[in-house]
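Going letter by letter, the first sequence gives residues 12 to 288 in the numbering used here.
The beta carbon of each residue, even a glycine, is placed where N, CA and C say it ideally should be.
The next block holds one structure in the form of structure tokens; read it before the comments.
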Amino acid sequence: MPELPEVESARSVIERSALGRRIVDVDDSDTYECRPHAPGEIRAALLGRRLTAAHRRGKSIWCETSGVGRSRTPGPALGVHLGMSGRVLVTQRDQTDEGGDYVGTGRSGQSAQSRHNPTWDRFTLTFADGDTLRLFDKRRLGRVRLDPDIDALGPDAGEITPAEFRDRVGRGTAPLKARLLDQATLAGVGNLLADEVLWQAHLDPRRPAGELDADELAGLRRELRKAIRHAIRHGGVHTGEIIDYRTRGAHCPRCGTAMTRATVGGRTTWWCPKEQR
DNA sequence: ACACGTGTTATGCG
DNA sequence: TCGCATAACACGTG
């Protein structure tokens, strides 16, 4: 579920409610979520430190950490990736969770029991005042790691300049949608956001990316920024206009043409075959 | 019961 | 080595 907008709200929760307090316990026993670290490795690296800042590029979050005790030497960065189903929850002593409840699964929302089921807590930091920061992740494709390689990612999709966008996205023979999904090209676009933006920009997801002209690339970037802002404001990529029409029997809400479904760039893709060229 | 999947990454091929 | 396609990963959901 999480794409750039949802990840930004998770980052914001950490910044607002998890910085500055001493870490007194770390549960890093989920070896899959914490790959490639051995159990206890992250724990040993973080005990006694504090989170001092929360950053994001695309779908990746990383937190700076303080020195231990009075040491000025900062600790390793704590990288958090939500994968397909991860949520960051900061639980206060009064048991209320902050974060993780972004609107926009659009469907059922989460039940009270799934919200508190510890089975899906894959990583937990406990602070000196008793609060906890947890990575709650049913599908277990999220990831926590020390010093993640952020430079392997392209520029953030919400901040990329027009020139960078033209040079990085508008090249190659891969389908346009595959280019948008490539996190090394541009960080933060997932499957749903890609379909939304391509529909808004009237572009065929199968077009070789290098064939787009300057106007088309400028329009695509404009729609991308618009869609990201809209999703952050309204609670996630599920609030996009075309998302509900990514289903069998649906018709384009602008022109009424039956929506087409195919695999493009390795992912299920829906588009309007009449308007998207 | 079974196919599907909103993310990343390893592998293989030309 | 590069660009691209595909499979694999884990496991809940419809």
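(request) Output the residue ranges of the beta strand (DSSP E) runs that lie fully inside the segment 244–284 and measure 3 residues or longer, sorted by chain position. (result) Those beta strand (DSSP E) runs which fall completely within the segment 244–284 and span 3+ residues are 271–275, 278–282.
(request) Compute the Euclidean distance between the alpha carbons of residue 58 and residue 148, then round it to the nearest angstrom. (result) As a first step, residue 58 must be located in the first sequence, where it is residue number 47. As a first step, residue 148 must be located in the first sequence, where it is residue number 137. As the crow flies, the alpha-carbon of residue 58 is around 23 Å from that of residue 148.
(request) Label residue 252 either buried or exposed according to how many other C-beta atoms from any shown protein chain fall within 10 Å of its C-beta, with 16 as the threshold for buried. (result) Numbered from 1 along the first sequence, position 241 holds the residue referred to as residue 252. Exposed.
(message) With three or more C-beta pairs closer than 8 Å as the rule, is the segment 138–147 touching the segment 18–38?
(response) Contact holds: three or more Cβ-Cβ distances are below 8 Å.
(request) Please classify residue 262: is it buried, with 16 or more other beta-carbons within 10 angstroms of its beta-carbon, or exposed? (result) One-based indexing of the first sequence puts residue 262 at position 251. Residue 262 is exposed by the Cβ-count criterion.
(message) Quick check: the Cα distance between residue 221 and residue 85, rounded to an integer number of angstroms?
(response) As a first step, residue 221 is located in the first sequence; it is residue number 210 there, counting from the start. As a first step, residue 85 is located in the first sequence; it is residue number 74 there, counting from the start. For residue 221 and residue 85, the distance between alpha carbons rounds to 43 Å.
(message) I'd like to know if the segment 275–284 and the segment 177–194 are in contact, where contact means that at least 3 CB-CB pairs between them fall below 8 Å.
(response) Of all C-beta pairs linking the segment 275–284 to the segment 177–194, three or more are shorter than 8 Å, placing the two stretches in contact.
(message) Only counting the same chain, and skipping five residues up and downstream in sequence, which positions put a Cβ closer than 7 Å to that of residue 69?
(response) Counting from one through the first sequence, the residue named residue 69 turns up at place 58. Within the same chain, Cβ atoms closer than 7 Å to the Cβ of residue 69 are found at 15, 164, 167, 168, 194, 198, 199, the five residues on either side in sequence being excluded.
(message) Could you tell me the alpha carbon to alpha carbon distance between residue 233 and residue 196, rounded to whole angstroms?
(response) By 1-based counting over the first sequence, the position of residue 233 is 222. By 1-based counting over the first sequence, the position of residue 196 is 185. Answer to the nearest angstrom: the Cα atoms are 17 Å apart.
(request) Put residue 234 into one of helix, strand or coil per three-state DSSP. (result) Residue numbering aside, residue 234 sits at position 223 when the first sequence is read from its first letter. Three-state result, residue 234: helix.
(request) Measuring alpha carbon to alpha carbon, tell me which of 74, 67, 51 ends up nearest residue 61. (result) Position 50 of the first sequence, counting from 1, holds the residue named residue 61. Here the closest residue by C-alpha is 74.
(request) Rounded to whole angstroms, what's the CA-CA distance from residue 272 to residue 203? Just pull it up for me. (result) Within the first sequence, numbered from 1, the residue matching residue 272 stands at position 261. Within the first sequence, numbered from 1, the residue matching residue 203 stands at position 192. When rounded, the distance between both Cα atoms is 13 Å.
(request) Less than 8 Å between the CB atoms is what I'm expecting for residue 21 and residue 99, so what's the real figure, rounded? (result) Against the first sequence, residue 21 aligns to sequence position 10. Against the first sequence, residue 99 aligns to sequence position 88. Contact between residue 21 and residue 99 is confirmed by a C-beta separation of about 4 Å, below the 8 Å threshold.
(message) Considering only their Cβ atoms, is the gap separating residue 34 from residue 327 smaller than 8 Å?
(response) Nothing in the structure corresponds to residue 327, since the chain is present only between 12 and 288.
(request) Give the C-beta separation of residue 90 and residue 159 to the nearest angstrom, bearing in mind that I take them to be a contact with Cβ-Cβ under 8 Å. (result) Locating residue 90 in the first sequence gives position 79, counting from the first residue. Locating residue 159 in the first sequence gives position 148, counting from the first residue. About 3 Å separates the two Cβ atoms, so the contact holds.
(message) Across the segment 168–179 and the segment 225–240, are there enough close Cβ pairs to call them in contact, namely three or more that are closer than 8 Å?
(response) Short answer: they touch.
(request) Following the continuous beta strand (DSSP E) through residue 144, name the residue where it begins and the one where it ends. (result) For the purposes of this step, residue 144 is identified with residue 133 of the first sequence, where counting begins at 1. Residues 143–148.
(request) Let me know if residue 240 comes out buried or exposed under the rule of 16 or more other beta-carbons within 10 Å of its beta-carbon. (result) Residue numbering aside, residue 240 sits at position 229 when the first sequence is read from its first letter. By the neighbour-count rule (16 or more Cβ atoms within 10 Å), residue 240 is not buried but exposed.
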